[in-house]
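Colleague:
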Amino acid sequence: MALLELNNLKVHYPIRGGFFQRVIDHVKAVDGLSISIEPGKTYGLVGESGCGKTTTGRAIIGLNKITDGKVTFEGQDLTRIAHKNQHPLRRDIQMIFQDPYSSLNARKRVIDIIAEPLRNFEKLSPDEERRRIQDLLERVGLNPEAAFKYPHEFSGGQRQRIGIARALTLNPKLIIADEPVSALDVSVQAQVLNFMKEIQKEFNLTYLFISHDLGIVRHMCDQIGIMYRGRLVEQGNTEDIYDHPQHVYTRRLISAIPNIDPGQRQESAKLRREIMSSYQDDLKQLLDAEGKPLALKSISSSHQVALP
Amino acid sequence: MNTEPVLQIKGLTVSFRIRDQYYPAVDQLDLTINKNEVLAIVGESGCGKSALALSLTRLHDSKNTRIEGELLFKGQDLNKLSPGQMNKIRGSEIGMIFQDPLTALNPLMTIGRQIEENLDYHTSLSKKEKTKLIYELLEHVNIVNPQRVYEQYPHELSGGMRQRVMIAIAIACRPSLIIADEPTTALDVTIQSQILDLLKQLQSETEAGIVLITHDLGVVAEMADRVVVMYAGEVVEIASVYELFNNPLHPYTRSLLASMPAANAEQDQLHVIQGRVPSLQNIPRGTCRFSERIPWIPQTAHAEQPTLNEVGTEHWVRCTCYQHFHFEDEGKEHVLDGIAGAK
Amino acid sequence: MWKFTLRRILIMIPQLFVLSVLVFFVAKAMPGDALTGLIQNNPNLSPQMIAEQRERMGLNDPAMVQYARWVGNLFHGDLGISYVHKVDVTYLIGSRLANTFYLGVAILILTYIISIPLGILSGRYQNSLLDKTITGYTYLSFATPLFIFALVVVFVFGFQLGWFPTSGSVDAGVQPGTWDYFMNRLHHLLLPAFAGAFVSTTATIQYLRNEVIDTRLKDFVKTARSKGVPESKVYSRHILRNSLLPIAAFLGYDLTAVLAGNLFIESIFGYPGLGQLFLQSITQRDFSVVTALVMISGLLALIGTLLSDIILSWVDPRIRIS
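Residue numbers (this note's numbering), protein chains in the order written: chain A, 1 to 308; chain B, 1001 to 1343; chain C, 2001 to 2322.
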């Protein structure tokens, strides 16, 4: 059974206008997204800025209001408990944010940052709490003494580990990672990605990995969904997406990834030109009247594409 | 390839003042940028690549920065020019493109005015001619509706459009050198490929030399003719792009390549470089600066005052440690094998 | 734009309503009313006459009826009668308004003339001797209480040196409309205006200095330099305009604050403006004047916010109002 299932998820923001500031239209940030994530796997949600991937992650965790659709976690509908912060299901889903520089409160010590989710759910004595936090810090590869320092005393990679430690405090089952390494240098990126893989095995974690970096997604994810204007255009495993992309949008996205073999340069450029030559027309054929992707159709057991 | 030099950098040292003491962020750098070539300068934050980029046009805050060495550009040393003479070269002979196109444009000025400003100081065109030229420039960077964009403000444009405007500003006076500091880092991948293609196309027309500062080895592989790898203020390797990706030698270059997710998608674990990039005050000077990141390589493998050595055609590597370098995990296997063999 | 302004004006109506209710009932709760003010120095009135008078003036009506009448009068520009001066409040305020306006505008102009160049120089040459001198001045003016400073100024320049008059807005007997009259008014204005500006420049200088220091480091300034724009133009075209945005945002408040009067300055310099009137009315319990002045400054504050928004949308294309 899937751990997390999004069923026709919609998140719309009202646009106000006119003399009385009435709602005149909606921004349909997420508009009919269906995804299912198996336990212990990593699902990569990929797309360009404005495609709705971040909104999706925030909606699952309750930071954005869901307009319509269902979010089922372990068989329970999360939309019904959307505003109950203390609900036990809330502790099973945690989030890692993009920017380790701004997502940690600079005025709090590490121990207080990590203990925050813990304090919401459990009543521990200060001693127990400290032991638990220091244990966690050790597990994310930081010195237990780090508990009493402030975020600015750490490097970017270390800060992201603190963010991960905070997400891990409540032993969650699902972690939503929104661009967890895009603010980091290449070698530090590697460190954090390795670490995410290690703890995934250790705690049998499930990831919803939100990213615009197709290289990282390929390395991290078992299943990948390509998002465009609030919906999926294509979904499949790594091979499906990277080696046999079907939707023209996916093909364009994949072809834009810089090829790390300089010898392939001419061919990559040629492929890009080929796709771009008829891109607008090809894409139009695959969109509905509203300019949104069509419904997904299975073309193999693992691979779905939004084709007519 | 045409190897007519555009800019020759000799013994460039860029030092920043921290508490009344100057620390070199770029140390004794020699480099030549040729006409019609894309020279990529790659490295992680703190390696000195941005300090280098800004020093080429002396855009640093002069109160806290010291630039030493020669910057020979068209027969004159840029480092000896007066501020007024330098201003004549900035924007006309040397164009610059910066990382974040949102913050790099003045929010209170129309796009047209911002491009025109460049022409104001370097041409004697009439208002009418300038406007016409600006339309042409905007069209040239593939902006569909130049007349409209001319009147618009930066916030009304998308990130990709804004970067095209930045490029239009940089090329307005057909410079012979373009310095692009992380020009696509803030952009989506499809926009990135468009911008890179645009830069290539413009280069083929103007034969300008391009200095491409980036942390992204993928962008390097797509764009560069030659690559300079920097670490802790020094060049550690220079090679043609093919040579660098096929035969990387310096331990830092090899470590960087091994830590790239895109290059190692099938690997379960990526390579992690031990320790962290030293801060400006803590750079180990006078020894192999990378040695502290590869402690399993014996000290004897490093040269004492490491210099750049030519190891192949146009392939330069600093220090001698590359001859003895192996990754730590490989080394471990080696040791384990040894133990197993002994048993 | 017009839609926006109109909507904002409409929103002001409920705000003003709440303010008027508050003002009216607080005034009601105070001891004394219109009649006690009128008769307070007249012991010859019999209690019966007072009661009749009270009935005639409607002071025995329910509070709601009185409130409705008061608001109705406000709409007609009738602000009531001053208990103390026994004249229409409208007339009283009208006679002071011009003085306050001149003083306020003078302070405002002096403030900007002094603080804009100083703020920019201080930010541009950060940590230089010039910057330290200017910053020193702002600390001094910040630390000096206005009333003490004003008293010292009056004492030194007014009484000791005799360079400036020490009270009033114009000398008696000067013919209005003549050049002498104008110069005479200006003469009366200068000392209080400088005293007011001395203190009000502090915030603007500090604010502008910080803005310039921030803006100087922005990427677009780097872009401007990379275009070969000379340093002086980098400041005048790029840094200055962006740094002045927040100052422009305050201009709306400043303009309306001009009309509200300056309590301390007007009192100490004996300058007959609204601020002085307000202070006098409070000490003399002239509540009809106080309520009218509070209502007016409330209205001005609301208009100030609107003005600020309009000015800001006018100078910053990012918040253009469509």
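We treat Cβ as the ideally placed atom computed from N, Cα and C, and that holds for glycine.
Looking only at its chain, what residues have a beta carbon closer than 7 Å to the beta carbon of residue 1008 of chain B, apart from the 5 residues adjacent to it on each side?
Modeller: Close CB contacts of residue 1008 of chain B within its chain, under the 7 Å cut and outside five residues either way in sequence, are with 1032, 1072 (chain order).
Colleague: Leaving out five residues on either side along the sequence, give the residues of the same chain with a beta carbon under 6 Å from the beta carbon of residue 92 of chain A.
Modeller: Here the set comprises 172, 173.
Colleague: Name the two residues that bound the continuous alpha helix (DSSP H) containing residue 2213 of chain C.
Modeller: 2179-2216
Colleague: Quick test of the definition: if touching needs 3 or more C-beta pairs under 8 Å, does the segment 215-225 of chain A touch the segment 33-53 of chain A?
Modeller: These segments touch.
Colleague: Rounded C-beta distance between residue 228 of chain A and residue 293 of chain A? I'm assuming under 8 Å.
Modeller: 6 Å
Colleague: Does DSSP put residue 22 of chain A in a helix, a strand or coil?
Modeller: strand
Colleague: For residue 298 of chain A, tell me which candidate among A:234, A:270, A:288, A:265 has the shortest Cα-Cα distance.
Modeller: The candidate whose alpha carbon is nearest that of residue 298 of chain A is A:234.
Colleague: Between which two residues does the alpha helix (DSSP H) carrying residue 1083 of chain B extend?
Modeller: 1083-1089
Colleague: Kindly indicate which three-state DSSP category residue 1342 of chain B falls into: helix, strand or coil?
Modeller: At residue 1342 of chain B, the pLDDT of 33 sits below 50, so the modelled position is not reliable; the number obtained from the coordinates is stated separately. Three-state DSSP puts residue 1342 of chain B in a helix.
Colleague: Closer than 8 Å by C-beta to residue 1159 of chain B: which residues in its own chain qualify, once you throw out the five before and the five after it? Chain order, please.
Modeller: So the qualifying residues of the chain are 1101, 1102, 1186, 1187, 1188, 1191.
Colleague: May I ask you to verify whether the segment 2296-2313 of chain C touches the segment 2134-2145 of chain C, counting CB pairs closer than 8 Å and requiring at least 3?
Modeller: The segment 2296-2313 of chain C makes no contact with the segment 2134-2145 of chain C, as fewer than three CB pairs between them are under 8 Å.
Colleague: Mapping the DSSP letters down to three states, classify residue 1127 of chain B as helix, strand or coil.
Modeller: DSSP places residue 1127 of chain B within a helical segment (H, G or I) once states are collapsed to three.
Colleague: Mind the definition here: the segment 1083-1092 of chain B touches the segment 1132-1149 of chain B only if three or more C-beta pairs lie below 8 Å; say whether that holds.
Modeller: no
Colleague: If you run the structure through DSSP and keep just helix, strand and coil, what is residue 2235 of chain C?
Modeller: helix
Colleague: Pick out whichever of C:2294, C:2272, C:2019 has its Cα sitting closest to the Cα of residue 2101 of chain C.
Modeller: C:2272
Colleague: Can we say the segment 1239-1252 of chain B touches the segment 1010-1025 of chain B, given the rule of at least three CB pairs closer than 8 Å?
Modeller: As far as the Cβ criterion goes, the segment 1239-1252 of chain B does not touch the segment 1010-1025 of chain B, which means the pair count is below three.
Colleague: Tell me where the beta strand (DSSP E) around residue 206 of chain A begins and ends.
Modeller: 206-211
Colleague: Measuring only between beta-carbons, confirm whether residue 36 of chain A sits less than 8 Å from chain B.
Modeller: no
Colleague: Ordered along the chain, which non-local residues of its own chain (more than five positions away) have a Cβ less than 6 Å from that of residue 1038 of chain B?
Modeller: 1210, 1212, 1223, 1224, 1225
Colleague: Please report the straight-line C-alpha distance between residue 1342 of chain B and residue 1267 of chain B, rounded to a whole angstrom.
Modeller: Caution is warranted here: a pLDDT of 33 is assigned to residue 1342 of chain B, below 50, making its placement in the model unreliable, and no coordinate value can be reported.
Colleague: Around the Cβ of residue 1046 of chain B, are there at least 16 other Cβ atoms within 10 angstroms (buried) or fewer (exposed)?
Modeller: buried
Colleague: Where DSSP assigns a beta bridge to residue 1312 of chain B, which residues make up the other side?
Modeller: B:1315
Colleague: Just to confirm the assignment, what range does the beta strand (DSSP E) spanning residue 14 of chain A have?
Modeller: 4-17
Colleague: Mind listing the chain A neighbours of residue 1242 of chain B? Cutoff is C-beta to C-beta under 7 Å, in chain order.
Modeller: For residue 1242 of chain B, the residues of chain A that pass the 7 Å Cβ criterion are 262, 263, in the order they occur in the chain.
Colleague: Going by alpha carbons, who is nearest to residue 217 of chain A out of A:45, A:16, A:2?
Modeller: A:45
Colleague: Would you mind telling me which residues of chain B sit closer than 9 Å to residue 257 of chain A, beta carbon to beta carbon, in chain order?
Modeller: Within 9 Å Cβ-Cβ: 1189, 1193, 1218, 1262.
Colleague: Using a Cβ-Cβ cut-off of 7 Å (strictly less than) and excluding sequence neighbours within five positions of residue 1331 of chain B, which residues of its own chain qualify?
Modeller: Any answer about residue 1331 of chain B is weak, because its pLDDT of 47 lies below 50 and its placement is not dependable; what the coordinates show is given next. Taken in chain order, the residues that qualify are 1296.
Colleague: Could you list the residues in the segment 1129-1149 of chain B with a C-beta less than 7 Å from some C-beta on chain C, going in chain order?
Modeller: none
Colleague: Return helix, strand or coil for residue 1294 of chain B, following the three-state DSSP convention.
Modeller: coil
Colleague: Look up residue 150 of chain A in the DSSP assignment and say whether it is helix, strand or coil.
Modeller: coil
Colleague: So residue 101 of chain A and residue 183 of chain A are in contact, right, with Cβ under 8 Å, and what is the actual spacing, rounded?
Modeller: 7 Å
Colleague: Could you give the residue range of the beta strand (DSSP E) that holds residue 1011 of chain B?
Modeller: 1005-1018
Colleague: Compare the C-alpha of residue 158 of chain A against each of A:12, A:187, A:178 and name the closest.
Modeller: A:187
Colleague: Between the segment 2092-2107 of chain C and the segment 2248-2265 of chain C, can you find at least three pairs of beta-carbon atoms closer than 8 Å?
Modeller: yes
Colleague: Under 7 Å between beta-carbons, which chain C residues line up against residue 1088 of chain B? List them in chain order, please.
Modeller: 2228
Colleague: Check the Cβ of residue 1221 of chain B against every Cβ in chain E and list those closer than 8 Å, keeping chain order.
Modeller: Among the protein chains of the structure shown, namely A, B and C, there is no chain E.
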